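Below is one structure, written out as structure tokens; comments come after it.
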Amino acid sequence: MIAEVVINGSRITSEKSFYNEIEKVLTNGLNWKIGRNLDAFNDVLRGGFGQFDCDEKIILKWKNFPKSEASLKPQFLRMVLEIIEENDNVSLLKVH
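The sequence shown begins at 5 in our numbering and counts up by one.
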């Protein structure tokens with residue numbers, strides 16, 4: 005079975021809000037916050053932080069992607085998308 009995780013791009017208006025949204029939807033029940041950096045984001049995508057197991061296949065549905073695209077710095081967004089692409093267990097769907 006493939007897990008589906010939904011990111012709400014309407015809530016992503018900055019790098020800080022990106023990490024807040026990632027933490028909200030990709031982790032579960034942690035009594036600590038994830039790092040606010042791309043290495044931590046990469047680690048979370050691999051799994052094992054509550055929402056899905058390590059290396060479990062997931063579909064990452066990024067709703068309102070154009071809003072995030074307009075809000076985030078292009079270089080930061082490019083690095084985020086590269087990290088997603090490099091994780092073989094993650095399939096990205098950009099939804100309007």
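In this text, a Cβ means the ideal position worked out from N, Cα and C, and glycines have one as well. Here the structure is a predicted model, which means the values were calculated and not measured.
| query | result |
| --- | --- |
| Give the range of the beta strand (DSSP E) segment to which residue 76 is assigned. | No beta strand (DSSP E) contains residue 76, which DSSP labels as neither H nor E. |
| Would you tell me roughly how many angstroms separate the C-alpha atoms of residue 50 and residue 23, rounded to the nearest one? | 16 angstroms |
| Identify, in the order they occur along the chain, each residue of the same chain with its Cβ nearer than 7 angstroms to the Cβ of residue 10, setting aside the five sequence neighbours on each side. | 29, 65 and 67 |
| Whole angstroms are fine: how far does the CA of residue 75 sit from the CA of residue 48? | 22 angstroms |
| Helix, strand or coil for residue 8, going by three-state DSSP, please let me know. | strand |
| Answer with buried or exposed for residue 94, where buried requires no fewer than 16 other C-beta atoms within 10 angstroms of its C-beta. | buried |
| Within this structure, are the beta carbons of residue 31 and residue 53 separated by less than 7 angstroms? | yes |
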